[in-house]
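Below is one structure; the comments refer to it alone.
Number of protein chains: 2
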Amino acid sequence: MTLNVEKPYVVGMDIGGTNTVFGIVDSRGNVLTSSSIKTQQYEKIDDYVDAACTKLLELVNTVGGVEKIKGLGIGAPNGNYYKGTIEFAPNLPWKGVIPLAKLFEERLGIPTALTNDANAAAIGEMTYGAARGLKDFIMITLGTGVGSGIVVNGQLLYGHDGFAGELGHVIVNREGRLCGCGRHGCLETYCSATGVARTAREFLVARSEDSLLRNIPAEEIVSKDVYDAAVQGDKMAQDIFEYTGRILGEALANAIAFSSPEAIVLFGGLARSGDYILNPIKRAIEENVLKIYKGKTEILLSQLKDADAAVLGASALGWEVGKTV
Amino acid sequence: MTLNVEKPYVVGMDIGGTNTVFGIVDSRGNVLTSSSIKTQQYEKIDDYVDAACTKLLELVNTVGGVEKIKGLGIGAPNGNYYKGTIEFAPNLPWKGVIPLAKLFEERLGIPTALTNDANAAAIGEMTYGAARGLKDFIMITLGTGVGSGIVVNGQLLYGHDGFAGELGHVIVNREGRLCGCGRHGCLETYCSATGVARTAREFLVARSEDSLLRNIPAEEIVSKDVYDAAVQGDKMAQDIFEYTGRILGEALANAIAFSSPEAIVLFGGLARSGDYILNPIKRAIEENVLKIYKGKTEILLSQLKDADAAVLGASALGWEVGKTV
Chain V
219 MTLNVEKPYV VGMDIGGTNT VFGIVDSRGN VLTSSSIKTQ QYEKIDDYVD AACTKLLELV
279 NTVGGVEKIK GLGIGAPNGN YYKGTIEFAP NLPWKGVIPL AKLFEERLGI PTALTNDANA
339 AAIGEMTYGA ARGLKDFIMI TLGTGVGSGI VVNGQLLYGH DGFAGELGHV IVNREGRLCG
399 CGRHGCLETY CSATGVARTA REFLVARSED SLLRNIPAEE IVSKDVYDAA VQGDKMAQDI
459 FEYTGRILGE ALANAIAFSS PEAIVLFGGL ARSGDYILNP IKRAIEENVL KIYKGKTEIL
519 LSQLKDADAA VLGASALGWE VGKTV
Chain W
219 MTLNVEKPYV VGMDIGGTNT VFGIVDSRGN VLTSSSIKTQ QYEKIDDYVD AACTKLLELV
279 NTVGGVEKIK GLGIGAPNGN YYKGTIEFAP NLPWKGVIPL AKLFEERLGI PTALTNDANA
339 AAIGEMTYGA ARGLKDFIMI TLGTGVGSGI VVNGQLLYGH DGFAGELGHV IVNREGRLCG
399 CGRHGCLETY CSATGVARTA REFLVARSED SLLRNIPAEE IVSKDVYDAA VQGDKMAQDI
459 FEYTGRILGE ALANAIAFSS PEAIVLFGGL ARSGDYILNP IKRAIEENVL KIYKGKTEIL
519 LSQLKDADAA VLGASALGWE VGKTV
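Protein chains in written order, with my numbering: chain V, 219 to 543; chain W, 219 to 543.
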């Protein structure tokens with residue numbers, strides 16, 4: 219860590235469909251300062267890079283300038299680690315293949331690496347969070363969609379093209395719900411926050427029992443409403459988590475047969491629903507896993523602070539790219 | 219390869235439920251000489267090791283003795299690479315955990331490594347066969363069961379406990395066929411040679427059309443009969459391969475979302491059924507894979523000679539263990 223005396227910080231940048239957030243992070247995972255811009259405001263990629271670099275340099279100058287920064291790590295949807303590109307990201311304004319890492323590296327002179335947001339979360343968890351010291355684990359991000367980052371033998375699994383680890387798009391029910399990807403029955407149509415809200419709407423139609431959820435217009439229900447109802451003892455809400463957790467646990471049992479991880483780390487709003495979702499997940503894993511795996515894989519909750527997690531995850535990649543320079 | 223002048227050979231040993239086959243292999247993948255013993259004949263592991271070592275030393279002496287042997291690689295069901303053990307293998311005579319690598323290493327003085335048979339096949343394919351030069355691929359063995367060996371970034375995926383890569387036991391239909399593992403709907407209940415025979419029996423009952431398969435007593439049908447009938451234009455037999463290939467392709471589409479391999483290598487009797495099974499596999503993969511993976515993963519057939527493949531695969535592990543000594 220001798221170099222850190224000269225370059226003690228990394229920059230993490232998380233590109234979401236709505237906001238792009240960046241922060242300066244030290245080696246202990248403290249976010250020293252952060253800022254953001256609106257992603258959707260910039261239709262041209264050059265304008266976006268301009269705006270991001272301007273804001274970013276303001277931050278960087280508060281800690282001593284670019285010479286103090288070891289690397290810039292970017293987490294982005296459809297991010298390709300090998301090429302440093304964003305490729306055909308449906309929720310971003312720029313179409314086709316965008317060489318984003320190169321654009322930032324040329325502008326800032328900081329070594330830059332890019333990966334998708336769930337991979338960034340896995341690296342963040344390994345660097346600063348619940349997966350410190352683990353060599354084989356699977357990160358599952360439960361947000362608007364379901365993302366995953368798979369770590370084997372201490373390394374992120376990128377696959378031959380940089381796109382490995384899309385467990386949210388494993389098909390769990392071939393006659394199931396239509397997914398944003400155009401196919402049917404992907405895991406994320408059931409086990410994302412959006413999936414939970416869909417399940418609530420289905421249950422409200424299919425069942426006749428009373429539920430606190432009937433007090434909310436069906437189209438406005440979000441997963442947080444289901445959680446709030448569950449906490450108040452609402453049976454239907456609790457059943458929705460039971461249903462969600464079971465499907466996720468069954469899918470994770472199959473994932474365990476793939477990489478036999480020592481832990482699965484859950485991140486995102488749904489993961490904070492506590493035992494309502496954790497118990498059915500754990501039960502479904504134990505019931506569905508091959509005998510040789512029984513009782514071996516721990517289910518852990520992310521230890522990254524929610525507000526910082528995406529930036530922290532991306533920043534961890536900054537240490538890695540910094541190593542090679 | 220300088221050491222190879224002194225130690226130019228490895229020994230490969232394949233432990234099956236019926237036979238244990240071993241052979242001496244050179245660096246080009248030629249099996250110079252081979253032999254076998256009956257696995258089931260030895261109820262005590264010590265008697266088995268005695269018998270195997272006696273036969274093996276006979277072979278080894280024909281090429282100049284143990285000092286010419288770089289390593290011994292063993293492929294065995296339920297083989298644990300990390301520990302060198304066979305653990306609770308249902309089809310072998312020895313119960314519990316057997317420290318097989320250690321037993322052979324102590325007796326022969328040859329560095330010994332052990333892994334399961336499908337992992338051995340993957341290493342064999344990477345060393346001598348269709349996967350030479352590939353860093354990310356999945357080996358699928360279609361035999362009595364369905365086995366798999368997953369290679370990521372040039373390394374076999376062992377997982378935290380040595381048992382990763384059991385794609386034959388991914389559940390593809392939760393209300394499906396009873397599997398030997400005690401669960402329902404595992405891939406291997408449909409896509410193994412045994413699975414094809416089960417499908418044939420189901421189709422014969424469920425359908426009323428004529429078929430060459432009706433000339434065989436239902437309980438005696440094996441997958442080779444289905445192939446022979448398909449070649450003669452039998453519609454039902456062709457449909458059985460269509461059904462089998464589609465289920466395998468759907469499962470492989472999910473596997474691609476996990477590790478994004480550049481190729482999937484198929485090995486075993488069913489893989490030799492040619493286009494009858496390859497076409498539906500390829501079609502199901504393309505129809506079921508996430509858009510970012512479309513057209514990227516090649517389906518290859520094993521290039522290892524069938525009679526030698528298991529021994530060759532195991533022997534390739536002998537080069538690896540030999541490296542560390």
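Note that CB positions come from ideal geometry on N, CA and C, so glycine has one too.
Tell me residue i's beta-bridge partners as DSSP assigns them.
i, result
"PHE355(V)", "VAL369(V) and ALA481(V)"
"MET231(W)", "PHE240(W) and ILE292(W)"
"GLY297(W)", "ILE304(W)"
"SER252(W)", "GLY241(W)"
"ALA331(W)", "GLY291(W)"
"LEU518(V)", "VAL483(V)"
"ILE316(V)", "ILE304(V)"
"LEU375(W)", "Bridge partners of LEU375(W): none, in fact."
"LEU396(W)", "HIS402(W)"
"LEU568(V)", "No answer is possible for residue 568(V): it lies beyond the span of chain V, which begins at 219 and ends at 543."
With a threshold of 7 angstroms between beta carbons, is residue i in contact with chain V?
i, result
"PHE381(W)", "yes"
"ASN397(W)", "According to the sequence shown, residue 397(W) is Cys rather than Asn. Not an interface residue."
"GLY297(W)", "no"
"HIS402(W)", "no"
"GLY377(W)", "yes"
"GLU480(W)", "yes"
"GLU427(W)", "no"
"GLU384(W)", "yes"
"ASP526(W)", "no"
Closer than 7 angstroms by C-beta to residue i: which residues in its own chain qualify, once you throw out the five before and the five after it? Chain order, please.
i, result
"PRO317(V)", "GLY302 and THR303"
"SER252(W)", "VAL239, PHE240, GLY241 and VAL529"
"VAL315(V)", "THR303 and GLU305"
"TYR260(W)", "TYR266, ALA269 and PRO311"
"MET454(V)", "PHE421, ARG425, GLU427, SER429 and LEU431"
"GLN450(V)", "LEU430"
"ILE434(V)", "ASP443"
"GLY342(W)", "LEU522, ALA527, LEU530, GLY531 and ALA534"
Of the choices the options, whose alpha-carbon is the least far from that of residue i?
i, options, result
"ASP452(V)", "LYS523(V), LEU430(V) and GLY327(V)", "LEU430(V)"
"GLY487(V)", "ARG464(V), ILE495(V) and ASP265(V)", "ILE495(V)"
"HIS348(W)", "LYS523(W), LEU535(W) and GLY536(W)", "Checking the sequence shown, residue 348(W) turns out to be Ala, not His. Selected option, being the one with the closest Cα: LYS523(W)."
"ALA294(V)", "ASN237(V), GLY282(V) and VAL284(V)", "ASN237(V)"
"VAL364(W)", "ALA411(W), ARG350(W) and ASP379(W)", "ALA411(W)"
"THR333(W)", "ASP244(W), ILE439(W), GLU393(W) and GLY377(W)", "GLY377(W)"
"ILE499(W)", "VAL390(W), ASP264(W) and TYR461(W)", "TYR461(W)"
"ALA489(V)", "ASN248(V), GLY283(V), MET357(V) and ARG419(V)", "MET357(V)"
"PHE485(W)", "ALA336(W), ASN337(W), LEU374(W) and THR359(W)", "THR359(W)"
"LEU385(V)", "ALA336(V), THR345(V) and ARG350(V)", "ALA336(V)"
"GLN456(W)", "ASP493(W), GLU437(W) and VAL440(W)", "ASP493(W)"
"ARG392(V)", "ASN371(W), ALA319(W), ARG395(W) and ASN506(W)", "ASN506(W)"
"VAL547(W)", "CYS399(W), ILE474(W) and GLY230(W)", "It is not possible to answer for residue 547(W), since the shown part of chain W is limited to 219 through 543."
Give every residue of the same chain whose Cβ lies closer than 8 angstroms to the Cβ of residue i, excluding the five residues on either side of it in the sequence, and list them in chain order.
i, result
"CYS397(W)", "HIS387, GLY403, CYS404, GLU406 and THR407"
"THR220(W)", "Residue confidence for THR220(W) is low, a pLDDT of 42 falling below 50, so the modelled location carries little weight; the figure read from the coordinates is stated next. Excluding residues within five positions, none has a Cβ falling inside 8 angstroms."
"GLU480(W)", "LEU352, LYS353, ASP354, PHE355, LYS514, THR515 and GLU516"
"GLU285(W)", "GLU224 and LYS225"
"LYS313(W)", "PHE306"
"ILE458(V)", "VAL414, THR417, ALA418, PHE421, VAL444 and ALA448"
How about residue i: is its C-beta nearer than 7 angstroms to some C-beta of chain W?
i, result
"ILE499(V)", "no"
"ILE591(V)", "This structure leaves residue 591(V) out entirely; chain V is present only between 219 and 543."
"VAL388(V)", "yes"
"PHE240(V)", "no"
"LEU546(V)", "For residue 546(V) there is no data in the structure shown, the boundaries of chain V being 219 and 543."
"SER410(V)", "no"
"ASP335(V)", "no"
"VAL228(V)", "no"
"PHE322(V)", "no"
"ALA570(V)", "Any property of residue 570(V) remains undetermined from this structure, which presents chain V solely from 219 to 543."
"VAL370(V)", "yes"
"GLU538(V)", "no"
In chain order, what residues of the same chain lie with their CB nearer than 6 angstroms to the CB of residue i, ignoring the 5 residues before and after it?
i, result
"LYS503(W)", "The sequence as given places Ile at residue 503(W); Lys does not occur at that position. Cβ within range, chain order: GLY467, LEU470 and ALA471."
"GLN521(W)", "GLY347 and ALA348"
"GLY235(W)", "ASN309"
"LEU321(W)", "VAL267"
Taking only heavy atoms of the ligand NAD into account, decide whether any of them is closer than 6 angstroms to the Cβ of residue i.
i, result
"ALA469(V)", "In the structure shown, the ligand NAD is absent, as is every other ligand, since no ligand is present at all."
Three Cβ pairs or more, each shorter than 8 angstroms: is that satisfied between the stretch 464–475 of chain W and the stretch 435–447 of chain W? no
When the Cβ atoms of the stretch 315–331 of chain V are set against those of the stretch 290–297 of chain V, are three or more pairs found closer than 8 angstroms? yes
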